[in-house]
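Note sheet for the following structure.
Protein chains in written order, with the working numbering: chain G, 1 to 112; chain A, 1001 to 1113.
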C-alpha cells in the first residue's frame, strides 16, 4: 500500500524559531493535507493543497505541494507555545479513491 | 467544513463486551470514514462507511469485529465487538464532501479492562 515518510519524527525548538517538516511518497498524490492534533482531540485541518507546485499560507503556516506530486512541506514561522502538538501530513491519490494515507507525525515541542 | 460530533468521548469497558460509537455530521457529506489511532501512533483507516450499503473494510479489519452502519448522509456508527485489551485505542470518525476538506471528530478514547 501507499506510504508516506514524514520527517522529522520530533522537534524541540525555542519560541520564535521557524520550523520545517516534510513528507515524501514513492507514489503520486493529487491532494496533500496538513493536520495538527492536540492531546485528547481529533486532527484539525491546517492547510489543503490540490495542485502541483501550489504554495498556500494560513497565518504563520505555509505549505507547498511538490512539483513531482510526491512530496509536500509545512513551514511554521515565529513559533509560539501553542504550536505544540503533533503534525500529520496526509495524501489522497485522487480519482475515485477518497481514502487518505497519513504520515507518522511530527511531534513539535516549543520551549518558551 | 462540516462539524462532527462523536460520542462517547471516552469509555472503559469490560473485555468481551461491545461498544457502539456514534458520529453525527452537521451537514450532508459524501464520504464518512472510521480510523483507529493507537497511543503515540498515526491514524489507521478501518473502513469507509457507505450510505445504504455495506462498509468497505481495509486489510486487517473485518465486519464481524467492527460492524459499521450508515443509514443516511449525516450519521454513522462503529461498533467494536467482543472487545479485548488490544482494542484499547482512540477511534476517530472523519467526513468529506467531495474528496476535500476532510474533517475529524474529537475521537473516542476506549480502554478495555
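Built from N, CA and C at the ideal position, the CB exists for glycine as well.
As the structure is a computational prediction, the values presented were derived from the model and not from experiment.
State the DSSP-derived secondary structure class of residue 27(G), mapped to helix, strand or coil.
-> By one-based count along the first chain, residue 27(G) stands at place 27. The answer is coil: DSSP assigns residue 27(G) none of H, G, I, E or B.
Express the C-alpha separation of residue 112(G) and residue 1028(A) in angstroms, rounding to a whole number.
-> Residue numbering aside, residue 1028(A) sits at position 28 when the second chain is read from its first letter. Residue numbering aside, residue 112(G) sits at position 112 when the first chain is read from its first letter. Distance between the alpha carbons of residue 1028(A) and residue 112(G): 42 Å.
Inter-residue spacing [alpha-carbon to alpha-carbon] between residue 63(G) and residue 89(G) = Walking along the first chain from the start, residue 63(G) turns up at place 63. Walking along the first chain from the start, residue 89(G) turns up at place 89. Each residue's alpha carbon lies about 10 Å from the other.
CA nearest to the CA of residue 45(G), picked from 1096(A), 1070(A), 1044(A) | Position 45 of the first chain, counted from the first residue, corresponds to residue 45(G). Comparing Cα-Cα distances from residue 45(G) to each of 1096(A), 1070(A), 1044(A), the minimum goes to 1096(A).
Beta-carbon separation (whole angstroms), residue 1072(A) vs residue 1051(A), contact threshold 8 Å = In the second chain, residue 1072(A) corresponds to position 72, counting from 1. In the second chain, residue 1051(A) corresponds to position 51, counting from 1. Between residue 1051(A) and residue 1072(A) the Cβ distance is about 7 Å, and since that is below 8 Å, they are a contact.
Mind listing, in chain order, the continuous beta strand (DSSP E) runs of no fewer than 3 residues lying wholly within the region 1001 to 1027 of chain A?
-> 1004 to 1007, 1010 to 1013, 1019 to 1025
Continuous beta strand (DSSP E) stretch holding residue 85(G): start and end | Translated into the one-based positions of the first chain, residue 85(G) becomes position 85. First-last of the beta strand (DSSP E) with residue 85(G): 85 to 92.
Quick one: list the residues of chain G neighbouring residue 1032(A), beta-carbon separation under 9 Å, in chain order.
-> Translated into positions along the second chain, residue 1032(A) becomes position 32. Within 9 Å Cβ-Cβ: nothing; residue 1032(A) doesn't reach chain G, min ~10 Å.
Straight-line CA distance for residue 27(G) to residue 1034(A)?
-> Translated into positions along the first chain, residue 27(G) becomes position 27. Translated into positions along the second chain, residue 1034(A) becomes position 34. Between residue 27(G) and residue 1034(A), the C-alpha separation is close to 24 Å.
For residue 1059(A), verify whether its CB is less than 7 Å away from any heavy atom of the ligand PLP.
-> The ligand PLP is not part of the structure shown, which contains no ligands of any sort.
Give a yes or no on whether 8 Å exceeds the smallest Cβ distance from residue 99(G) to chain A.
-> If you number the first chain from 1, residue 99(G) lands on position 99. Closer than 8 Å: yes.
Under 7 Å Cβ-Cβ, which residues of chain A neighbour residue 112(G)?
-> On the first chain, residue 112(G) is found 112 positions in, with the first residue counted as 1. Neighbours of residue 112(G) on chain A: none; closest Cβ ~24 Å, over 7 Å.
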